[in-house]
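So the structure is just underneath, and the comments pick up after that.
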Amino acid sequence: MSGDPVSRRGFLKLCASTGALVAGSPALLARTPPERSHSTPARLVHSSGRPLRLDDLEVGENYVFHYPYVTTPCFILNLGKPALPRDGLEMDDGRKYSWRGGVGPQRSVVAFSAICAHRMSYPTPTVSFINYRHEPTAYTTRELKMARREQVIYCCSEGSVYDPAEGCRVLGGPAPQPLAAVDLGLDEDTGELRALGMYGGDMFERFFEKFGFQLALQSEISDIRAPVGEATQVVRLSDYSSNSNVC
Ligand code: FES
């Protein structure tokens, strides 16, 4: 973590507010706390280095950042509606977990791994087969019925569909588990956002095994498993990927 006293102070405040939230909510205590698979905090920042604040996120826009590794993309979204905690999400190995819900006054800001839980399609600088759709989208449910709804994350590869307002539970397609969740932290005084960790079914080891060579070429980084460090840049998906609207 940074030695910058402002960052440290903000982070301590953030930890304190998280503790107060849990202490004040027996329901949260009763829930199985998320077992973070990664728990190194990173500040979310603009490409200028300026801290990303809640108000910077436009409702309905796709934003991406890398976390917890320099090569593993995540989405951060302002859904414009409350995203409340949800129990009973299940990983592909059968373990259950509870999603903590969105952050912010409306609990509308959420973040998830952008690596599809099916065959791990992910946003690259040339193309993204997976994105968030604020407008109504047609898809096939897990029961093989046609459906249409707004505010989904859709993967064009084989049609997996996730609900980001409910922990990215799977609505349709072949994905065997939700997208892994980013545990977001918010400094309530400044509105600054941090990634605190990951939980749910992260697929990073499988991702590195499958795409290691490609990731090294794309990122021009020899250590594809390098952690992001104390800050990670958030950009619009349309700026990150040349083609993010492929189906
Ligand atoms: S990789 Fe996303 S649906 Fe297959």
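Counted the way our numbering counts, the sequence shown spans residues 118 to 364. Even glycine gets a Cβ: it sits at the ideal position worked out from N, Cα and C.
Closest to residue i by CA distance: which of the options is it?
i: R160; options: L303, P190, S274; result: L303
i: Y271; options: L261, A292, V162, K262; result: A292
i: D209; options: E152, D356, G318, A333; result: G318
i: R167; options: A348, S361, D356; result: A348
i: Y256; options: Q350, G289, F246, Y214; result: G289
i: L174; options: Y186, C191, G197; result: G197
i: S339; options: Y186, P190, H251, T157; result: Y186
i: S359; options: L206, V244, V162, P190; result: V244
i: C191; options: R203, S156, I247; result: I247
i: A231; options: G329, E305, V278; result: V278
i: A297; options: F321, Y249, T241, C364; result: F321
i: L194; options: G276, V162, S156, G219; result: G219
i: T258; options: A282, Y249, G276, H155; result: G276
Examine ligand 1 and report whether any of its heavy atoms sits within less than 6 Å of the Cβ of residue i.
i: R311; result: no
i: R236; result: yes
i: S245; result: no
i: S277; result: yes
i: G290; result: yes
i: C364; result: no
i: S274; result: yes
i: C233; result: yes
Would you decide whether residue i is buried or exposed? Buried here means 16 or more other CB atoms lie within 10 Å of its CB.
i: N179; result: buried
i: H183; result: buried
i: V226; result: buried
i: E309; result: buried
i: M315; result: buried
i: G346; result: exposed
i: A200; result: buried
i: D356; result: exposed
i: T188; result: buried
i: L354; result: buried
i: L334; result: exposed
i: P143; result: Unreliable positioning characterises P143 in this predicted model, as indicated by a pLDDT of 41, which lies under 50. A coordinate reading is not provided.
i: N362; result: exposed
i: P158; result: buried
i: S238; result: buried
i: V181; result: buried
i: S215; result: buried
i: V299; result: buried
Looking at the secondary structure, which residues open and close the beta strand (DSSP E) in which residue i lies?
i: G302; result: 298-303
i: E207; result: 203-207
i: V244; result: Looking at the DSSP string, V244 is not in any beta strand (DSSP E), and its letter there is neither H nor E.
Could you please give the first and the last residue of the uninterrupted alpha helix (DSSP H) stretch that includes residue i?
i: Y357; result: 354-357
For a minimum of 3 consecutive residues, which ranges assigned as the beta strand (DSSP E) are wholly contained in the stretch 308-352?
310-316, 348-350
Taking only runs that begin and end inside the stretch 146-198, name each unbroken beta strand (DSSP E) of 3 or more residues, in chain order.
159-162, 180-183, 190-195
What are the uninterrupted segments assigned as alpha helix (DSSP H) that are 4 or more residues long and contained completely in the stretch 255-285, given in chain order?
none
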